[in-house]
Structures are given as structure tokens and as C-alpha cells.
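Read through the structure below, which is laid out as C-alpha cells, and then see the notes.
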Amino acid sequence: MGDLVDSMLDLMRRLPPMRVEENVASLAAMCPDYAEDLLGTVDQPLKVLTDRATGREYLACDYNRDGESYRSPWSNEYDPPFEDGTVPTAKLRKLEITANEAFDMYREMYYEGGVSSVFLWDLDDGGFAGVVLLKKVMNASSPTEPSGSWDSIHVFEVSERGRQAHYKLTSTIMLQMTNRAVTGRDAKEKEGDDATRAGEVALSGSMTRQEEKDYPVPEQMAHVANTGRMVEEMEIKMRNTLQEVYFGKTRDVVFDLRSVDDLEKARRQRELQKELVGFIKR
207 MGDLVDSMLD LMRRLPPMRV EENVASLAAM CPDYAEDLLG TVDQPLKVLT DRATGREYLA
267 CDYNRDGESY RSPWSNEYDP PFEDGTVPTA KLRKLEITAN EAFDMYREMY YEGGVSSVFL
327 WDLDDGGFAG VVLLKKVMNA SSPTEPSGSW DSIHVFEVSE RGRQAHYKLT STIMLQMTNR
387 AVTGRDAKEK EGDDATRAGE VALSGSMTRQ EEKDYPVPEQ MAHVANTGRM VEEMEIKMRN
447 TLQEVYFGKT RDVVFDLRSV DDLEKARRQR ELQKELVGFI KR
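When you line the sequence shown up against our numbering, it's residues 207 to 488, in that order.
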């Protein structure tokens, strides 16, 4: 069992990240006996659903799934209805409601749109765990405009120790971006021809980081502030890493392949630099 699941995970790491949902579905169909193990291990882009009771959107993933139903953080109900679905205790549900309200404001402040959801559940050792989900999609209004999506999955475990608590956070960010470039010649063509002649650059992938911290817990609702602080700091770190390392490296590769400046102008500048160096050495 373990060898087969490891082989499927190894295959997933070699397949295009932009097709992760399609690839997972294909593997699950080929090996239905191990579908649950695969779905619980591979991170997939979050799905946006609508709560029938409140009309509010929420995110669906493996953490709020029970069978084929998903629990809404707003009404605490499953869709499709599932009578025996797992729900948090009354005490934890109160904390879950507060966390959803807090991260909804966080989403509006940092993402200016998108959807957020928080789900909590009890652990056997007396602590509890949860997941903070954030998703933002940018749809292109025309074939030549960029499009993409950002999915954040922050899973945390909390172990209370008196008035202190130990937090373990595992964060995964999935990013997909597509940009179509149109040349001057293509711009004169019809829009349908543009779609076939335009060049397309697609970037996609995921990044996972972990962190553990201890914070004071004077009262139960302090867990919301503590996890919020950790999620905020982690997202800033990971965003900076994406910008400086991944996008920076991609930009360097593109600039090495194709110069933005005129090649003849660059050649004359190099010759002028050589002449100046020669004068200085005399």
C-alpha cells in the first residue's frame, strides 16, 4: 500500500502543476482503493461553493469534507446534506465563528476580494487543530490579458499548556499565472487570430513552509489573534520568497534569452567602455 501511494506521489511531482486536479482524478480512477490516501496527501486548488442557508461563499477542501459533502463555516451544515457529518463541539464552534469573522477582515485587507474560510476540529490529545483557507482568482477580460489564481492553505495544531499554547503551522501556497503576449503584427489581426498567434507564458507551482511558536493564552479567543499573527507573518515571508527568488530568477532567464535594448546599441556601449578602460590604464 505504502509503495503504491509513494509511487503516485512521486509521479505527481513530475507532472505539470497546472493540471494537478486532472492528474489526481486520473490516478484516483486508476487506483480507487487508494483514492482517499491520495486526496488527503496532495494539495489541490481550493473550490468555491455557496452556502444554501446564508448565500455566502466558502472554500472546499479535504479538511471540511465528509464523504461527498462539504461543511460550510457559516451555517455549520453539509452540502449535500449529511446527517452523520463531523462538526466541532459547541466551544470550538464558537471559536470557529470568531476566526471566520477575523480572517474575513484579513482577506479584505490583504486580498481586496477573494474568499476565505476557517475550519476547526478537536484532537485526541485534548488540543485542537484547524485550517485557514484563502483564495483569490484573477480572470482575464480579454484573451491578451493576464489571468491567475492564488491559493493559501494554513494548517495548524494547538497544544495548550496552562496559560501558554504551542502552535505548529504548516503553510502551502499554490500559484498559477498565465500571460499572453501579442506582437505588433498580431495586434492588426482579428481577435480570433490573436489567440492563435500570441505567445503564452504559464507559471505554476506550490511552496510549503513550517513554523512553531509559543504564545500566551489569557482567554480562549486569544487563539484567533495568535494564529492570525502567525499566518500573516508566514504569508509575507512566502510572498517575498516568490517575488525575489522565483520571479527574479525567471526574469533573469528571460533577459538572458532576449535583450530589451537594441543589440547594436549594446555593442557600441561595450566598445566605448573598453576605450575608456584603455585611456585609464595609460
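No residue lacks a Cβ here, since even glycine has one placed at the ideal position from N, Cα and C.
Only a predicted model underlies this, so the values are computations on that prediction, with no experimental measurement involved.
- With respect to the C-alpha of A308, the residue from R271, G434, V230 and R474 having the closest C-alpha is G434.
- DSSP, reduced to helix, strand and coil, places L217 within a helical segment of the structure shown.
- Straight-line spacing of the CA atoms in T260 and W356 works out to 25 angstroms.
- As the crow flies, the alpha-carbon of L339 is around 21 angstroms from that of S365.
- Between F288 and S278, the C-beta gap is not smaller than 9 angstroms, which leaves the two residues out of contact.
- The DSSP-derived three-state label of D257 is coil.
- Contact annotation: L245 and S323 have beta-carbon atoms that are not nearer than 9 angstroms.
- Within the same chain, Cβ atoms closer than 8 angstroms to the Cβ of V248 are found at L215, M218, V226 and V230, the five residues on either side in sequence being excluded.
- Classified as exposed, S232 has fewer than 16 neighbouring CB atoms from the shown chains inside 10 Å of its CB.
- Our two residues, K443 and L482, have alpha carbons roughly 44 angstroms apart in a direct line.
- For N385, DSSP records a beta bridge to V407.
- Cβ-Cβ separation between Y373 and K419: approximately 5 angstroms, consistent with a contact (criterion under 8 angstroms).
- Restricted to the region 289-358, the alpha helix (DSSP H) segments that are unbroken, complete and at least 4 residues in length are 296-316, listed in chain order.
- V430 carries a helical assignment under DSSP once its states are collapsed to helix, strand and coil.
- Ranking G320, A305 and W327 by CA distance to the CA of T295 puts W327 first.
- Distances from the alpha-carbon of G332 to those of T376, E477, G354 and A371 put A371 closest.
- For E450, there is no enclosing alpha helix (DSSP H), as DSSP gives it neither H nor E.
- If you look at L244, you'll find it isn't in any beta strand (DSSP E); it sits in the alpha helix (DSSP H) that goes A241 to T247.
- In this structure, DSSP gives S232 a helical state, which the three-state scheme calls helix.
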